[in-house]
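Asks: Anchor point for the sequence shown: position 22 equals 80 in the numbering used here, and the numbering is continuous, going up by one each time. We put the beta carbon where it would ideally sit given N, CA and C, even for glycine. Please read all numbers here as calculations on a predicted model, not as lab measurements. Shown below is the structure under consideration.
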Amino acid sequence: MAKDPVCGMMIDEKKSAGNSVYKGTTYYFCAKNCKEKFDKSPGQYLTMK
Ligand SMILES: [Zn+2]
């Protein structure tokens, strides 16, 4: 399982809508919408906890 950094949902990597590699780490997303948001400003989502 991986955490979608945009909405915080736990998702199965195999069922993810997409993924992005940022600074050597792969992030998975529940929806294309989340991936698009992340791709625009990855830093914003990675600092949010
Ligand atoms: Zn999401």
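Identify the residues that DSSP records as bridge partners of A60: which are they?
Replies: As a working note, residue 60 is residue 2 in the sequence shown. Answer is I69.
Asks: Span of the alpha helix (DSSP H) holding G101?
Replies: Translated into positions along the sequence shown, residue 101 becomes position 43. Start and end: P100 to L104.
Asks: Do the CB positions of V64 and K95 come within less than 7 Å of each other?
Replies: What you label residue 64 is simply residue 6 of the sequence shown in a count that begins at 1. What you label residue 95 is simply residue 37 of the sequence shown in a count that begins at 1. Cβ distance < 7 Å, so V64 and K95 count as in contact.
Asks: State the start and end residues of the unbroken beta strand (DSSP E) segment that holds S74.
Replies: Numbered from its first residue, the sequence shown carries residue 74 at position 16. Note, S74: premise wrong, no beta strand (DSSP E); not H, not E.
Asks: Measuring straight from C-alpha to C-alpha, what distance separates N77 and F87?
Replies: The residue you call residue 77 lines up with position 19 of the sequence shown. The residue you call residue 87 lines up with position 29 of the sequence shown. Distance between the alpha carbons of N77 and F87 is about 6 Å.
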